[in-house]
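Engineer: Sharing a structure here in structure tokens format.
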Amino acid sequence: MKKTIIVFSGDLDRVMAAFIIANGAAAMGDDVSMFFTFWGLNVLRKPEKVKAKKSFLQAMFGAMMPRGAGRLGLSKMNFGGMGASMMKLVMKQQNVTPLPELIQTAREQGIKMIACTMSMDVMGIREEELIDGLEFAGVATYLAEADEANVNLFI
Amino acid sequence: MKKTIIVFSGDLDRVMAAFIIANGAAAMGDDVSMFFTFWGLNVLRKPEKVKAKKSFLQAMFGAMMPRGAGRLGLSKMNFGGMGASMMKLVMKQQNVTPLPELIQTAREQGIKMIACTMSMDVMGIREEELIDGLEFAGVATYLAEADEANVNLFI
Amino acid sequence: MKKTIIVFSGDLDRVMAAFIIANGAAAMGDDVSMFFTFWGLNVLRKPEKVKAKKSFLQAMFGAMMPRGAGRLGLSKMNFGGMGASMMKLVMKQQNVTPLPELIQTAREQGIKMIACTMSMDVMGIREEELIDGLEFAGVATYLAEADEANVNLFI
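Keeping their order, the protein sequence lines are chains A, V and D.
Be aware that the first sequence starts at 10, since it is given in our numbering, and climbs by one per residue.
Be aware that the second sequence starts at 10, since it is given in our numbering, and climbs by one per residue.
Be aware that the third sequence starts at 10, since it is given in our numbering, and climbs by one per residue.
Below you can see the structure in the form of structure tokens.
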């Protein structure tokens, strides 16, 4: 059965939970669609700076938000990134797959990754700033997919 | 098919996501019920101060929480409200419907908006402090609605 | 019908919402499974310090996170625990069941409480540090349960 996950959060811990569930479902044969919206779009940003046309405020937002899965912070106890670094270190010690590899696995498993176009406008994030292989859509697409799914999470 | 959304958060970004999904679903012909609980109750507060009988602690909570959809902060990068103002400005530039209008649309589309009575007691929020046209109920009502729905989100 | 709730958050307010929904559903005859992951594991910690073998970083994480349902903070307006104390006081005034009793009721109603083993590794939390009566499992178990449920929430 299909599963959908809205990735609203851009926090490392929440995003990891989203991908662990998504990859688990795909491994069990489910069709999975992930919708990245608001802060969740940061997960999909390319790590390098990309030139893109933006308004002043959009450029400010863009500069203040993390670029890509490697730079996300924790939702709690982040301490300016130190918490995230600590957690990544513990995960390495425990052989937990890091987020960039979880995303890679999601792609290899054919999980549909959809960037919310309205959020992209609000956050001032352009297609060329995001990693390849994404789809771009809005709430109607989400709802159509959710109607076909038996598990729908908002993370 | 019916959709239910629990609006637990009172953050502008999360609440907007809730209403965009709700309005999208209603526009596609779905029956939608939104349950406002804990911080989510702040979305429903009237913007003006309303006299209401409260205990000292309830009055303190009430004074510290935002009154209504126009005063919510962001879940991230709020910087004492500056982040929320910036985002509202960007949304205006991008012709994204602001939250108060999203709420108005929700009402016009007949979306059921239910305030959680137990949370109202905890937060010390009285019926007269909330906007008109709401229903008041508890968890049993939520569960009955969720049982009839095919998409149930907690935001 | 079965319900599943992922308790990702360790915030008092969110965790209370999770248990109120779970207990309500169980009271109405539903089968309920709660999955505790990441910060949500703190809900299940014993209040007393338990000796357990940990790496240095795991011990640090463990020392910084709250031990058990009695020590959780609020997701907003916590002010170093003062907000949580205030809210507990208001809840007492309003005869709202406190979290430790909600957990007790959940157990008496036969709600399945499952600790996520992968998160336990990351957070460095050992079985002996958690309260009795739990099950231990991973994402595959969650997905199997969610497939049988008609309401699946991520809190």
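Note that CB positions come from ideal geometry on N, CA and C, so glycine has one too.
The structure displayed is predicted, hence computed values, not measured ones.
1) For a cutoff of 7 Å on Cβ pairs, would you count residue 36(D) as touching chain A?
2) Measuring only between beta-carbons, confirm whether residue 49(V) sits less than 7 Å from chain A.
3) Among all the DSSP beta bridges, which residues are the ones paired with residue 60(D)?
4) Which residues of chain V have a Cβ atom closer than 7 Å to the Cβ of residue 148(A), listed in chain order?
5) Check the DSSP bridge columns for residue 42(V) and list the partner residues they point to.
6) Determine contact between the segment 11-27 of chain D and the segment 46-53 of chain D, defined as no fewer than three beta-carbon pairs at a distance below 8 Å.
7) Using the beta-carbon of each residue, which ones in chain A are nearer than 7 Å to residue 22(V)?
8) Hey, could you find the ends of the beta strand (DSSP E) residue 145(V) is sitting in?
9) Going by CA-CA distance only, name the one from 152(A), 150(A), 116(A) and 132(A) that's closest to residue 143(A).
10) When you compare only the Cα positions, how much space is there between residue 161(D) and residue 163(A)?
11) Do the CB positions of residue 52(D) and residue 29(A) come within less than 7 Å of each other?
12) Look up residue 52(V) in the DSSP assignment and say whether it is helix, strand or coil.
13) Taking only the alpha-carbon atoms, compute the straight-line gap between residue 85(D) and residue 22(A) and give it to the nearest angstrom.
14) Does any residue of chain A have a CB that is nearer than 7 Å to the CB of residue 160(V)?
15) With distances taken between CB atoms, is the gap from residue 82(D) to residue 90(D) smaller than 7 Å?
16) Output, in chain order, the set of chain A residues within a Cβ distance shorter than 7 Å of residue 67(D).
17) Between the beta-carbon of residue 11(V) and the beta-carbon of residue 110(V), is there less than 7 Å?
18) Let's test the definition: count the other Cβ atoms within 10 Å of the Cβ of residue 56(V) and tell me whether it reaches 16, buried, or not, exposed.
19) Would you verify that the beta carbon of residue 39(A) is, or is not, closer than 7 Å to some beta carbon of chain V?
20) Ends of the alpha helix (DSSP H) at residue 32(A)?
21) Just the Cα atoms here: how many angstroms apart are residue 137(D) and residue 62(D)?
22) Over what stretch of residues does the beta strand (DSSP E) that includes residue 70(A) continue unbroken?
23) Considering just the uninterrupted stretch of the beta strand (DSSP E) at residue 162(A), what are its terminal residues?
24) Using a cut-off of 7 Å between C-beta atoms, extract the partners of residue 120(A) located in chain D.
25) I'd like to know whether the C-beta atoms of residue 31(A) and residue 120(A) end up nearer to each other than 7 Å.
26) Going by other Cβ atoms of all chains shown within 10 Å of its Cβ, with 16 needed for buried, is residue 141(A) buried or exposed?
27) Round the Cβ separation of residue 118(V) and residue 35(V) to the nearest angstrom and send it over; I've been treating them as touching at under 8 Å.
28) Is residue 81(D) helix, strand or coil when you go by DSSP?
29) Suppose the cutoff is 6 Å on Cβ atoms and the five residues either side in sequence are ignored; what does the same chain contact list for residue 41(D) look like?
30) Please identify the residue among 97(A), 129(A) and 64(A) whose C-alpha is closest to the C-alpha of residue 102(V).
31) How is the alpha helix (DSSP H) around residue 106(A) delimited, first residue to last?
32) Whose C-beta lies closer than 6 Å to the C-beta of residue 108(V) among residues of the same chain, with five residues either side of it excluded?
33) In chain D, what lies closer than 7 Å to residue 155(V) by C-beta?
34) Please report the distance separating the alpha-carbon of residue 198(D) from that of residue 112(A).
35) Which same chain residues, not among the five before or five after residue 2(A), have their C-beta less than 7 Å away from its C-beta?
36) Can you pull the chain V neighbours of residue 85(D), defined as C-beta to C-beta under 8 Å?
Structural biologist: The structure says:
1) No - not a single Cβ of chain A is within 7 Å of the one on residue 36(D).
2) No, because no Cβ of chain A sits closer than 7 Å to the Cβ of residue 49(V).
3) According to DSSP, which records beta bridges pairwise, residue 60(D) is partnered with nothing at all.
4) 29, 30 and 33
5) Residue 42(V) pairs with 13(V) and 121(V).
6) Taking 8 Å as the limit for Cβ pairs, the verdict is that the segment 46-53 of chain D does touch the segment 11-27 of chain D.
7) 47
8) 144-146
9) 116(A)
10) For residue 161(D) and residue 163(A), the distance between alpha carbons rounds to 10 Å.
11) no
12) helix
13) The straight-line gap from Cα to Cα measures roughly 18 Å.
14) yes
15) yes
16) 99
17) no
18) exposed
19) With 7 Å as the cut-off, residue 39(A) does not count as an interface residue toward chain V.
20) 21-36
21) In this structure, the CA atom of residue 137(D) is about 10 Å from the CA atom of residue 62(D).
22) Run containing residue 70(A): none in the beta strand (DSSP E); it sits in the alpha helix (DSSP H), 65-73.
23) 158-163
24) What residue 120(A) touches in chain D: nothing, since even the nearest Cβ is about 14 Å away.
25) yes
26) exposed
27) 4 Å
28) coil
29) 12, 31, 34, 35 and 120
30) 64(A)
31) Note, residue 106(A): premise wrong, no alpha helix (DSSP H); not H, not E.
32) 25 and 78
33) Those are 160, listed as they occur along chain D.
34) For residue 198(D) there is no data in the structure shown, the boundaries of chain D being 10 and 164.
35) Past the edges of chain A, shown from 10 to 164, lies residue 2(A), and the structure says nothing about it.
36) 19 and 48
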